[in-house]
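Visitor: My questions all concern the structure below.
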Amino acid sequence: MLQDSKKKRTYDAIVIGSGASGGWAAKELCEKGLKTLVLERGRDVKHVQDYPTASKAPWQFEFRGTVPIDQRMDYQNLKRVSADSLHWNIKDEEQPFVEEKPFRWFRGYHVGGKSLLWARQTQRWSDMDFEGPVRDGFAVDWPIRYKDLEPWYTHVEKFAGIAGNKDGLPELPDSEVMPAFEMSCIESHFKESLKKNYGDTRHLINARCAHLTDPQPIHIEQGRSKCQNQNMCRRGCNFGGYFSSNASTLPWAMKTGNMTLRPDAVVHSIIYDEEKQKAAGVRIIDAHTKEMIEFYADIVFVNASTFNSNAILLNSTSGRFPNGLGNDNGLMGKYISWHNYRGKANAQFEGFTDKVTSGRNPSNAYIPRFRNLRKQETDFLRGYAIGIGGGRWMGPDTQGIGLSLTENLLNPKHGLWSISSWMMGECVPVEENHLRLHPELKDKYGIPQIVMSCDWTENDDKMVADYVEQSKEMFEKAGFINITAEDTHSPPGSDIHEMGGVRMGHDPETSLLNEWNQLHQCKNVFVTDGACMTSTGTQNPTLTFMALTARAANYAVDEMKKRNL
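All letters in the sequence shown, in the order written, are residues 4 to 568 by the working numbering.
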């Protein structure tokens, strides 16, 4: 009976997490014939039927989308809550953590994870990004280069569907794209200004994004259709117009007949077989019964999102690994990094008074990194990209009293064109920025709480100062008025691009993973989400996570066939 029970809980592969990278691991492994168990700590979310606020108009929400104070009290860790996406938020008591220093941690605990919440921006890395650490000596050298990932970027992009242009920029390699969303006239004006004033050193392009503007047969086969420009993406998209695990990779994996999805499965740790000297499976806590259950497999993919992937590995202790699975060098949980979004800028333009914004654009324009690309030219390391958005909208005029005020409110007029920008800076990983497990405090599942200890560095401060200065200069040269640019001093983690802690590298003494995302000391465990990142680049990272995952999954299958795992 015991053997029968264990057999029912045995698979070829286990994937921890169902978000962007976990979904890709499931798809690739299942397509290759592996019986795969996907573990998700949150509730099940089925595409379309479990998007309760999708396409709803403002007047269909009680209080027009405002969440009453008494209902907000359970979400104090969030900067803000909104009725249209409250169903994706987790309550504070679900996973308390210790902030040694302020840190905003956004999580997605449901099937699909943050693939239902991401900004959908998909810029490739170049060798300028992969070679950053070896050029300036901070972090360790990446064990891969662009050529290693290029075919996997293509593989992912064709399946996911990416809107954008072929821009021909060495710092931002071209993607497999379908037509881009149109720039507004103020964005086009700014693009021409950059070309005029900065030549070939600064470019404004359409940001590449995971939206279907011209669905191909592969997307139709997934059951997805063209993006409707609703700009309600964070609610879940009934059309599958943008890429998410729920609309794309998980259903694809499911139809192979090889995937078993288990939601409400809070992963406790990975089981290590001391005799075989490899991982044997995964322990979970059932979210409802609090029962501990063990599942077994030949390979394990860790895609629980950066901090939870670190925590799971640190909690996976054994006689061989008393400090966490594969953590012989003690570096696990260290060199945590993220993106620097502290810089914001805004301006207005007095021209184009005969034009207005029509419709909605689910993407934005984008200035790729232009600092320290080929040589060190500033007093800070690495650089930053800039997001750009512009439009002209009607705004209420609150001037006047009585009838004049009523007239102004009832008949709003178009204001000036406005433009905004936001930085996305590369935070250089430092050892002091880390997470660890608390020796005593546990969550409601009996799992040690995460202690977060991360802060900005002098390099980040200098980078923000440069962004503020350059934004003002670029806006002034474009003829904009009412220019403001500032350092918001927001805490780390404010834009969910956390990375690192289980970094890739050549040397087991200075890294945790090899070039195939395998733990150096436990080759049948693969980490392919943000935890694996050696450095952060300036691009939104999810496309790179997905490409790394597809690459590692195919490698794992080949190694299994060779009986190397």
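Backbone N, C-alpha and C define an ideal beta-carbon position, used for all residues, glycine too.
Since the structure is predicted, the reported quantities are computational estimates derived from the model, not experimental observations.
1. Any idea if P432 is buried or exposed, counting beta-carbon neighbours within 10 angstroms, 16 or more meaning buried?
2. Hey, could you find the ends of the alpha helix (DSSP H) I189 is sitting in?
3. Using the Cα positions of S423 and G322, report the straight-line distance between them to the nearest angstrom.
4. In three-state DSSP terms, what is M426?
5. If you draw a straight line from the C-alpha of L119 to the C-alpha of S407, how long is it?
6. Where do the ends of the beta strand (DSSP E) carrying S474 lie?
7. Please state whether DSSP places S272 in a helix, a strand or coil.
8. Would G449 and H206 qualify as a contact pair, given that the criterion is a beta-carbon distance under 9 Å?
9. Considering only residues of the same chain and omitting the five flanking positions on each side of Q402, which have a CB-CB separation below 8 Å?
10. Taking R227 as part of the beta strand (DSSP E), name the residues at either end of that continuous run.
11. Look at the Cβ atom of D139, then the Cβ atom of R385, and state whether they are nearer than 9 Å.
12. Starting from F141, follow its DSSP beta bridges and name the residues at the other end.
13. Between which two residues does the alpha helix (DSSP H) carrying A488 extend?
14. Let me know the beta strand (DSSP E) ranges lying completely inside the stretch 349-413, each 3 residues or longer, listed in chain order.
15. Leaving out five residues before and five after V471 in sequence, what residues of the same chain have Cβ atoms less than 8 Å from its Cβ?
16. Going by DSSP, which residues form a beta bridge with T39?
17. What's the C-alpha gap between R227 and A163?
18. Do Y201 and M477 have their beta-carbon atoms positioned less than 9 Å apart in this structure?
19. Using the C-alpha atoms, what's the distance from M262 back to V305?
20. Just curious, the beta strand (DSSP E) that K445 is in, first and last residue?
21. Buried or exposed: which applies to D463, given that a residue is buried once 16 or more other Cβ atoms fall within 10 Å of its Cβ?
22. Nearest-angstrom Cα distance between Q231 and A183?
23. I'd like to confirm the pairing. Which residues does DSSP put opposite M507 in its beta bridges?
24. Among G68, Y54, D95 and F141, whose alpha-carbon lies nearest the alpha-carbon of T513?
25. Is Q521 helix, strand or coil by DSSP?
26. Checking the sheet assignment: what are the DSSP bridge partners for Y245?
27. Please determine if the stretch 102-118 and the stretch 32-51 are in contact, where contact requires at least 3 C-beta pairs separated by less than 8 Å.
28. Confirm, please, whether the CB-CB distance from M335 to Y387 is below 9 Å.
29. Look at the alpha carbon of G116 and the alpha carbon of I19, and state the distance between them as a whole number of angstroms.
30. Suppose the cutoff is 6 Å on Cβ atoms and the five residues either side in sequence are ignored; what does the same chain contact list for D7 look like?
31. Under a three-way DSSP split, which group does Y338 fall into?
Guide: Answer, in terms of the structure:
1. buried
2. C188 to Y201
3. 55 Å
4. strand
5. 45 Å
6. Unbroken run through S474 is the alpha helix (DSSP H), E461 to K480; no beta strand (DSSP E).
7. strand
8. no
9. L408 and N411
10. It is not in any beta strand (DSSP E) - R227 carries neither H nor E in the DSSP assignment.
11. yes
12. The partner list for F141 (beta bridge, DSSP) is empty, contrary to what the question assumes.
13. Taken as a continuous stretch (DSSP letters only), A488 belongs to no alpha helix (DSSP H), being part of the beta strand (DSSP E) at I484 to D490.
14. 368-370 and 387-394
15. G346, A348, A488, E489 and D490
16. A16 and M262
17. 10 Å
18. yes
19. 16 Å
20. H437 to K445
21. buried
22. 14 Å
23. L516
24. F141
25. strand
26. H214
27. yes
28. no
29. 11 Å
30. none
31. strand
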